[in-house]
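There are 2 protein chains.
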Amino acid sequence: MSNPRDRIGASKGNLDTPCLVIDLDLLERNIRTMQEHLTSFGKKLRPHAKTHKCSIIARKQMEAGAMGICVAKVSEAEVLVKAGLRGVLITSPVVTDQKIIRLMECLFRDPDLMVVVDNPTNARMLNEAARKQGSRLSVLVDLDPGMGRTGVPFREGLALGQWIESLPGLRLRGIQCYAGHAQHIVSFEERREFSWGWMKQAAEVFRQFQAHKLPAEIFTGSGTGTSEIDCRVPEVTDLQVGSYTLMDTEYLHIGSSDDPRKFEKFPPSMTLLTTVISTNRREFFTVDAGLKALYHHGPGPSVKQPEGLEMRYDWAGDEHGKIFLADSGKKFEIGQVLELVVSHCDPTVNLFDFFYVTRKGMVVDVWPIDLRGKCQ
Amino acid sequence: MSNPRDRIGASKGNLDTPCLVIDLDLLERNIRTMQEHLTSFGKKLRPHAKTHKCSIIARKQMEAGAMGICVAKVSEAEVLVKAGLRGVLITSPVVTDQKIIRLMECLFRDPDLMVVVDNPTNARMLNEAARKQGSRLSVLVDLDPGMGRTGVPFREGLALGQWIESLPGLRLRGIQCYAGHAQHIVSFEERREFSWGWMKQAAEVFRQFQAHKLPAEIFTGSGTGTSEIDCRVPEVTDLQVGSYTLMDTEYLHIGSSDDPRKFEKFPPSMTLLTTVISTNRREFFTVDAGLKALYHHGPGPSVKQPEGLEMRYDWAGDEHGKIFLADSGKKFEIGQVLELVVSHCDPTVNLFDFFYVTRKGMVVDVWPIDLRGKCQ
Numbered sequence: 000m001s002n003p004r005d006r007i008g009a010s011k012g013n014l015d016t017p018c019l020v021i022d023l024d025l026l027e028r029n030i031r032t033m034q035e036h037l038t039s040f041g042k043k044l045r046p047h048a049k050t051h052k053c054s055i056i057a058r059k060q061m062e063a064g065a066m067g068i069c070v071a072k073v074s075e076a077e078v079l080v081k082a083g084l085r086g087v088l089i090t091s092p093v094v095t096d097q098k099i100i101r102l103m104e105c106l107f108r109d110p111d112l113m114v115v116v117d118n119p120t121n122a123r124m125l126n127e128a129a130r131k132q133g134s135r136l137s138v139l140v141d142l143d144p145g146m147g148r149t150g151v152p153f154r155e156g157l158a159l160g161q162w163i164e165s166l167p168g169l170r171l172r173g174i175q176c177y178a179g180h181a182q183h184i185v186s187f188e189e190r191r192e193f194s195w196g197w198m199k200q201a202a203e204v205f206r207q208f209q210a211h212k213l214p215a216e217i218f219t220g221s222g223t224g225t226s227e228i229d230c231r232v233p234e235v236t237d238l239q240v241g242s243y244t245l246m247d248t249e250y251l252h253i254g255s256s257d258d259p260r261k262f263e264k265f266p267p268s269m270t271l272l273t274t275v276i277s278t279n280r281r282e283f284f285t286v287d288a289g290l291k292a293l294y295h296h297g298p299g300p301s302v303k304q305p306e307g308l309e310m311r312y313d314w315a316g317d318e319h320g321k322i323f324l325a326d327s328g329k330k331f332e333i334g335q336v337l338e339l340v341v342s343h344c345d346p347t348v349n350l351f352d353f354f355y356v357t358r359k360g361m362v363v364d365v366w367p368i369d370l371r372g373k374c375q
Numbered sequence: 000m001s002n003p004r005d006r007i008g009a010s011k012g013n014l015d016t017p018c019l020v021i022d023l024d025l026l027e028r029n030i031r032t033m034q035e036h037l038t039s040f041g042k043k044l045r046p047h048a049k050t051h052k053c054s055i056i057a058r059k060q061m062e063a064g065a066m067g068i069c070v071a072k073v074s075e076a077e078v079l080v081k082a083g084l085r086g087v088l089i090t091s092p093v094v095t096d097q098k099i100i101r102l103m104e105c106l107f108r109d110p111d112l113m114v115v116v117d118n119p120t121n122a123r124m125l126n127e128a129a130r131k132q133g134s135r136l137s138v139l140v141d142l143d144p145g146m147g148r149t150g151v152p153f154r155e156g157l158a159l160g161q162w163i164e165s166l167p168g169l170r171l172r173g174i175q176c177y178a179g180h181a182q183h184i185v186s187f188e189e190r191r192e193f194s195w196g197w198m199k200q201a202a203e204v205f206r207q208f209q210a211h212k213l214p215a216e217i218f219t220g221s222g223t224g225t226s227e228i229d230c231r232v233p234e235v236t237d238l239q240v241g242s243y244t245l246m247d248t249e250y251l252h253i254g255s256s257d258d259p260r261k262f263e264k265f266p267p268s269m270t271l272l273t274t275v276i277s278t279n280r281r282e283f284f285t286v287d288a289g290l291k292a293l294y295h296h297g298p299g300p301s302v303k304q305p306e307g308l309e310m311r312y313d314w315a316g317d318e319h320g321k322i323f324l325a326d327s328g329k330k331f332e333i334g335q336v337l338e339l340v341v342s343h344c345d346p347t348v349n350l351f352d353f354f355y356v357t358r359k360g361m362v363v364d365v366w367p368i369d370l371r372g373k374c375q
């Protein structure tokens, strides 16, 4: 295969498929919109790179005003700190000896690196590793908003904070509370009440930290789905939004403060191009994107181009998809390229090595998805 | 991150997770078992590399007696032919100008390359490209076993064959009929009747080819789920099995000729290692493999190690999974490594860059998953 950068200057419609395409105007607009939104509420932005897995986008977010960058895994942090980014927060506990060695290598490059902790034994291990290296590792107490995925129960937050504060190799900075299960609640009002319920309990822990003279400079959490909601919790210092950059149908279908049926504040900046490869049926056509190019999770993708035709995509195995046309009189020819908004952007991005970056339909750059596959 | 090859000599239990591990004894046994099974029926083996996406495994299959190798996409063929493999069959139509250029580059390296065709216009395009290059491209007529994914209806197979035979840049070799929708039918008897129904219609087209003096040297198709079934269709020349190498819970749960409840002829040679990272709940523990490490498709994965405990895995978002223990009195510590048989091997393999290859629990090699991400 030729170098994808050779396609710079090409029209989007002439790209080989399946591939991911970014509309740079929309991406820049989304980055700006979220930054302005949070700034207007006096909050900081600590965007999550697990969505886009691209150090170039992370850098754009920092340049636009973000005060740090989140990742889910140590292997993602490794890529970002090697790319020169600073202030990386790892939002899941790092618990094994091998991962802690990798974490310490990241800390060596990024002294502002932070990690969350939800277990006293883990805090002790991190303390020992940091002391051995002559470093001090910033940590946040991870609080569980009723999901049970990671985090301590609220009632144990203060005690874990006090334990961390007693360990000289660690520097307690505050708390994290991420209510992942709130993000896609369809009703905006229900989502608001649900998220506030958890965030207010986390805020109570934050005030306990203050009352007990524990460091309480950071209260981080939230996601794209609650970005209009958690910005109104006074104690929250920064929001970990990710999907707002690229967007997907999963987020487009939730209600927002503007409209109970949709969330259009952040138009999808990323699309998937796919080509019709077989047209022997009247009921549907076969395209070249299946499970391995469009992650099968969440609601179905939507067909953006060609416009004016009512269409539906469905998966047809590992390698293929089917396109159903509402108007059965219409027929596509083999080679027809379609543009889809994907179902769930995070795991779909993770299937590709690069984005074609476009302005007004022309390829202007190619960005490596350099955190792709970094699940460790 | 350090070079994964540095882990050669390590014990499987000490590998950093999530990662994919191959038990080489089991993989070699599966390769041998399928080869012997098909040879005993007088059939050839043309294994599908879309499952393992690894040119080293493809080469092992060839060395064990396979007469060629299948891929789903041109970008996969590119990797295999560059790795020196010959006799590659692309099992989906290749229809765009750009893909045909890439196909012709593959043909230049592998004169035995073949591709399927399900459209007369496409046949003409391939003919022109081959003639322009001064080559002759081997093609198979792709027949649709009622799925509508790719392929022409049986009644149109002969006419398409005749059209191809009239094009001097193409060399007609025979037919393909792949009944993907038959592979996972749970009842062995139902699967047999269903698959034979389609394969016998394809065999009729194959006999039409013979009656009309069209080349009919290849009738390829079948998969792991019908490998005990389609080998009994006299006209079938070779089987395109893939999953038998690595296996997954989707295949383990179908009935077989030996047992109506399971299919144990090919023990799972590939497993996923994942680590417990959070243990603050009594009902479940959190592990470090989620949607991005274990593709969410098919039945749930099964927990293989530690043995003797009844456990269930469920996905908990992009980055995490939950392990439910039947015995709620038992508790894991953070850092505990678990070994899972994955749900659907093909798309899960596509999430990783390499396999750790083990014998008796020790890492003996690292194999790149060099077709990973090749969805074009």
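Protein sequence lines, in the order shown, are assigned to chains R and E. Residues 0 to 375 in numbering that gives the first Met the number 0 are what the first sequence spells out, letter by letter. Residues 0 to 375 in numbering that gives the first Met the number 0 are what the second sequence spells out, letter by letter. Glycine is no exception: its CB is placed at the ideal position from the N, C-alpha and C atoms. Bear in mind the structure is a predicted one, so any value in this text is a computation, not a measurement.
Distance check between M198/E and each of G334/E, P259/E and D141/E places D141/E closest, using alpha-carbon atoms only. If the five residues before and after F40/R are omitted, its C-beta is found closer than 8 Å to the C-beta atoms of C230 and R231, all from its own chain and listed in chain order. Around the beta carbon of N29/R, 16 or more other beta carbons sit within 10 angstroms, so the residue counts as buried. Listed along chain E are M0, D15, T16, P17, C18 and D287, each with a C-beta nearer than 8 Å to that of Q375/R. In the DSSP assignment, T285/R falls outside any alpha helix (DSSP H) and within the unbroken beta strand (DSSP E) covering F283 to V286. Residue V73/R holds the alpha-carbon nearest to the alpha-carbon of I89/R among A129/R, V73/R and V240/R. For E216/R, the closest Cβ of chain E is not nearer than 8 Å. The beta carbon of K98/E falls within 8 Å of a beta carbon belonging to chain R, placing the residue at that interface.
In this structure, the CA atom of I7/E is about 11 Å from the CA atom of N13/E.
The C-beta of F107/E has fewer than 16 other C-beta atoms within 10 Å across all chains shown, which makes the residue exposed. Contact between P300/E and T248/E is confirmed by a C-beta separation of about 6 Å, below the 8 Å threshold.
Annotation for T248/E: no beta strand (DSSP E) segment contains it, though the alpha helix (DSSP H) segment containing it runs T248 to L251. Residue T225/E holds the alpha-carbon nearest to the alpha-carbon of K264/E among T225/E, A129/E and K329/E.
When DSSP states are grouped into helix, strand and coil, Q182/R belongs to the coil group. Cβ proximity to chain E below 7 Å picks out G316, D317, E318, H319, I333 and G334 from the segment 316–344 of chain R. V114/R: member of the beta strand (DSSP E) spanning M113 to V116, first to last residue. Under the DSSP assignment, E338/R falls outside any alpha helix (DSSP H), being part of the beta strand (DSSP E) whose first and last residues are V336 to V340.
Going by C-alpha positions, T50/E is about 32 Å away from E127/E. Each residue's CA atom was taken as its position, placing E227/R and D257/R some 10 Å apart. Under DSSP, S301/E forms a beta bridge with V340/E. In the DSSP assignment, Q175/E falls within the unbroken beta strand (DSSP E) covering L169 to C176. Take P110/E, set aside five residues on each side of it, and no residue of its chain has a beta-carbon closer than 7 Å to its own. Scanning the segment 69–142 of chain E for uninterrupted alpha helix (DSSP H) segments of 4 residues or longer gives 73–81, 96–108 and 119–132, listed from N- to C-terminal end.
Taking 7 Å as the Cβ-Cβ cut-off, the segment 124–148 of chain E approaches chain R at D143, G147 and R148, given in chain order. Annotation for M269/R: the continuous beta strand (DSSP E) segment containing it runs M269 to S277. Collapsing the DSSP output to three states places V232/R in coil. Among the bridge pairs identified by DSSP, V356/R is matched with I21/R and D364/R.
Taking 8 Å as the CB threshold, N121/E lines the interface with chain R.
Taking a C-beta cut-off of 8 Å against chain R, the contacting residues of the segment 48–59 of chain E are K49, listed in chain order. Contacts between V114/E and chain R, judged by CB atoms closer than 9 Å, are missing: the closest CB pair is about 12 Å apart. Taking CB atoms only, I276/R has a neighbour in chain E less than 8 Å away. Annotation for K59/R: the continuous alpha helix (DSSP H) segment containing it runs S54 to E62. For H295/R, the closest Cβ of chain E is nearer than 8 Å.
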